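Residue numbers (this note's numbering), protein chains in the order written: chain A, 384 to 675; chain B, 107 to 412.
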């Protein structure tokens, strides 16, 4: 009686184990490859861009000549853009999240709004550009202003902010609300003084991540028709302006080779702004996150 | 307490009641903004596309294989070359992103220790936060020259380079969402399979993967949707020659890149070219909407509950 051949079992088992090992290496190298791409991307930008990063680069407007091209208008323009997008998208986004989490009854309208938000998040950014061009630039006559671009970007990141704020509000334990009602607070007082303060780290973290998306987004600005060579800084929200990604796009498209380095320098500035914003988000998350 | 302070208090109470009633309504209005945005998008696209179809016959657009809007004498508006261009880039992106993304997800969820996962996953997600303009520049100035060394006859503008880079862009979406789906497969199922003598690979491929299939499929469909709507990478590295063929080493044009080309050019308001970007945008919108609805449907319909 010898149904099980010891040698065959050992052989098969070691084969399976070997296969396991090989695949583990494959999976690991796929992960490492993704990280490698990120490293190469960063390395390339630094190698190409640092040569152009000097004081003149920050202090000059863009130019037809690469050695004179600077990023001043774009950097200031992006900050102006942020000054519109941040308040508009945060107020609308947090307001909608508070409504959906605290007030909305579970009915068809609420389901519809919720479904609409997740579908809006999947609309390509360039389509938001078409919306901005038609409604804000043409119909409401805002022109290619900071305001028109800012409102377009606000709508673009609105779904992201709503979802982040909803999650933050949902994470506030019900006991806090009940304790607040227990000492006689009204619903709005509870929301304003109990729920929102404990949800604010989560809201800000999600909000800053969404805002950094608005800073890096190019397609809607292209469609709105934001100019690229501009020799003045915006004076009000109705001024024409340009923004970092738009400026980089213009430089990257130019045939002269030196403009590639200018574009890489612009990318370094953009990435620095994004890293700065993201580290604020991380600091907020680490410093204020409470566990209940 | 005198009468005056009582009146004052009463007034405050009225004020409080007023605020209590007002706030839900104000907040409801903010929630409606997202609905208004959707309505705005749909109506903008429909109205301007309607204007486009008054000038160009519907079937010429939807079935035409020639996209030559800038030809002065006989412009033709057949959208198929743009759709083919988009599909080429999306196809290449999927070929790159699905195997790599799934492999990374399996590694992170089944093999990696908690510490490794905690470090690697956020770094992977940084890839998703890189602005697409940066990817576009990377594709044009690094990936294309690199590929030209390997593939002889590859043009400066082609479908392969932007395809690969779009794949890298959607990789974190697929990896991260698939990893979430795999991590939510209960431990007991893995332990059961391990106890029967399976190797980790067999557990991953025969137990975890099937159980997390709905989440994985949904992540892939979402990735496809993003690839279709991606704009800057394809406009920088893909070129602007819409063609109705299967060539991927030559210049192409996607739907999104066409909209960018018109927007950066000087097509005047009210021309047929101006309206054509809305028709193309509408087509793009329908494609991505279908993909997003499909993703939602898959993750709802095929979800396995444990």
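Note that beta-carbon positions come from the ideal geometry of N, C-alpha and C, so glycine has one too. Computed from a predicted model, the values in this text were never measured in an experiment.
Query                                                                                                                                : Result
Span separating the alpha-carbon of residue 243(B) from that of residue 142(B)                                                       : 35 Å
Sufficient close CB pairs (3 or more, under 8 Å) joining the region 458-475 of chain A to the region 615-630 of chain A              : yes
Cβ-based neighbour list, residue 312(B), same chain, cut-off 8 Å, excluding 5 preceding and 5 following                              : 299, 304
Beta-carbon neighbours of residue 125(B), restricted to chain A and to distances below 7 Å                                           : 571
Segment limits, alpha helix (DSSP H) that includes residue 630(A)                                                                    : 627-636
Alpha-carbon to alpha-carbon, residue 218(B) and residue 236(B)                                                                      : 25 Å
Contact the region 205-214 of chain B vs the region 265-285 of chain B: 3+ CB pairs below 8 Å                                        : yes
8 Å Cβ cutoff, residue 671(A) in contact with chain B                                                                                : no
Distance CB(residue 272(B))-CB(residue 195(B)) smaller than 8 Å                                                                      : yes
Under the three-state DSSP convention, the category residue 174(B) falls into                                                        : strand
7 Å CB neighbourhood of residue 259(B) in its chain, flanking five on each side removed                                              : 355
Per DSSP, the bridge partner or partners of residue 183(B)                                                                           : 173(B)
Residue 622(A), DSSP secondary structure in three states                                                                             : coil
Closest residue to residue 501(A) among 418(A), 545(A), 412(A), 577(A) (Cα-Cα distance)                                              : 545(A)
DSSP beta-bridge partners of residue 680(A)                                                                                          : Because chain A here runs from 384 to 675, residue 680(A) falls outside it and cannot be looked at.
C-alpha distance - residue 516(A) paired with residue 540(A), whole-angstrom precision                                               : 17 Å
Members of the region 479-499 of chain A near chain B, C-beta cut-off 7 Å                                                            : 479, 481, 482, 483, 486, 496, 499
Where residue 140(B) falls, given that 16 or more other Cβ within 10 Å makes a residue buried                                        : buried
Residue span of the alpha helix (DSSP H) that contains residue 389(A), given as start and end                                        : 389-432
Where residue 122(B) meets chain A, residues with beta-carbon distance less than 9 Å                                                 : 569, 571, 572
Alpha-carbon to alpha-carbon, residue 337(B) and residue 486(A)                                                                      : 38 Å
Cα-Cα separation, residue 289(B) to residue 400(B)                                                                                   : 23 Å
Cβ-Cβ distance between residue 360(B) and residue 191(B) below 8 Å                                                                   : yes
Residues near residue 504(A) by beta carbon distance below 8 Å, same chain, minus five either side                                   : 542, 543, 546
Backbone CA spacing between residue 347(B) and residue 340(B) [nearest angstrom]                                                     : 12 Å
Residues from the region 434-460 of chain A in contact with chain B, defined by Cβ distance under 8 Å                                : none
Segment contact, 8 Å Cβ cut-off, at least three pairs: the region 594-604 of chain A with the region 571-582 of chain A              : no
Beta-carbon gap between residue 611(A) and residue 512(A) smaller than 8 Å                                                           : no
Cβ of residue 503(A) within 8 Å of any chain B Cβ                                                                                    : yes
Buried or exposed (CB count within 10 angstroms, at least 16 for buried), residue 179(B)                                             : exposed
Beta-carbon contacts of residue 536(A) that lie in its chain and below 6 Å, excluding the five residues immediately before and after : 468, 597
8 Å contact criterion, which residue 431(A) and residue 644(A) should meet: CB distance rounded                                      : 5 Å
Test: residue 323(B) CB closer than 8 Å to a CB of chain A                                                                           : no
Under 9 Å from the C-beta of residue 643(A): neighbouring residues of chain B                                                        : 243, 246, 247
Minimum Cβ-Cβ distance from residue 410(A) to chain B less than 8 Å                                                                  : yes
Residue of 640(A), 398(A), 397(A), 553(A) minimising C-alpha distance to residue 585(A)                                              : 553(A)
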